[in-house]
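In the working numbering, the protein residues as written are 64 to 236.
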Ligand code: SF4
Ligand code: SF4
């Protein structure tokens, strides 16, 4: 496809910028009476009415992980090893353990959120629906090592978990 180039010629006489200034100011003035689309983050995080200019995160947003727990507060993870196996960023560290009844559990389970690419494969592959990516985005920290979430921290997250892409409902409707 040919690309059109528009050449703007500089005026060869002195021009007044008053007209352009007035035009710019008229746009500014007009905008003063239009509904505001800005919000006071972080006090305001999402507007309750997205149709009026607010926003909210998609339920399919893939952010910081959550490890779900059972009624006794224990991690649902059975240390099967599938999520570290499938993780393309190699950012899941799992050291499995086994209790006296032969039940497997994670002795160490860590996710380096800094290396994670938030693909969601770990959530998709988990047979126990234990590990999830979450609808969450506020991950600022003062040091890099704080981005390595251990089991306790993963289990204490409370944000909603992500609804992964469903091929039978590709638009999420
Ligand atoms: S979301 Fe993807 S990159 Fe991140 S921990 Fe899970 S599998 Fe690894
Ligand atoms: S896939 Fe699920 S059960 Fe298996 S190690 Fe990962 S979190 Fe644990």
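Just so you know, even glycine gets a beta-carbon here, dropped at the ideal spot from N, CA and C.
Since the structure is predicted, the reported quantities are computational estimates derived from the model, not experimental observations.
For residue j and residue i, believed in contact at Cβ under 8 Å, the rounded distance
i	j	result
residue 142	residue 159	4 Å
residue 185	residue 140	At roughly 11 Å, the Cβ-Cβ gap does not stay under 8 Å, so residue 185 and residue 140 are not in contact.
residue 225	residue 198	6 Å
residue 180	residue 152	5 Å
residue 157	residue 144	6 Å
residue 227	residue 183	6 Å
Proximity test, residue i beta-carbon vs ligand 2 heavy atom, cut-off 7 Å
i	result
residue 144	yes
residue 65	no
residue 174	no
residue 141	yes
residue 194	yes
residue 188	yes
residue 191	yes
residue 157	yes
First and last residue of the uninterrupted beta strand (DSSP E) at residue i
i	result
residue 145	Here residue 145 belongs to no beta strand (DSSP E); instead the alpha helix (DSSP H) covers 145-149.
residue 156	155-161
residue 87	Where residue 87 is concerned, there is no enclosing beta strand (DSSP E), although the alpha helix (DSSP H) it sits in stretches over 81-94.
residue 127	126-130
residue 196	194-197
Delimiting residues of the alpha helix (DSSP H) encompassing residue i
i	result
residue 184	184-188
residue 170	From DSSP, residue 170 is part of no alpha helix (DSSP H) but of the beta strand (DSSP E) over 167-175.
residue 216	214-219
Status (buried if at least 16 other CB within 10 Å, exposed otherwise) for residue i
i	result
residue 126	buried
residue 129	buried
residue 66	exposed
residue 61	In the structure as shown, the chain starts at 64 and stops at 236, and residue 61 therefore has no counterpart that could be examined.
residue 169	buried
residue 218	buried
Residue i CB to nearest heavy atom of ligand 1 below 7 Å
i	result
residue 83	no
Quiz item: Would the segment 91-104 and the segment 191-207 be scored as touching if the rule is three or more Cβ pairs under 8 Å?
Solution: no
Quiz item: Are the segment 166-178 and the segment 209-221 touching, with three or more C-beta to C-beta distances below 8 Å?
Solution: With the cut-off at 8 Å, the segment 166-178 and the segment 209-221 touch.
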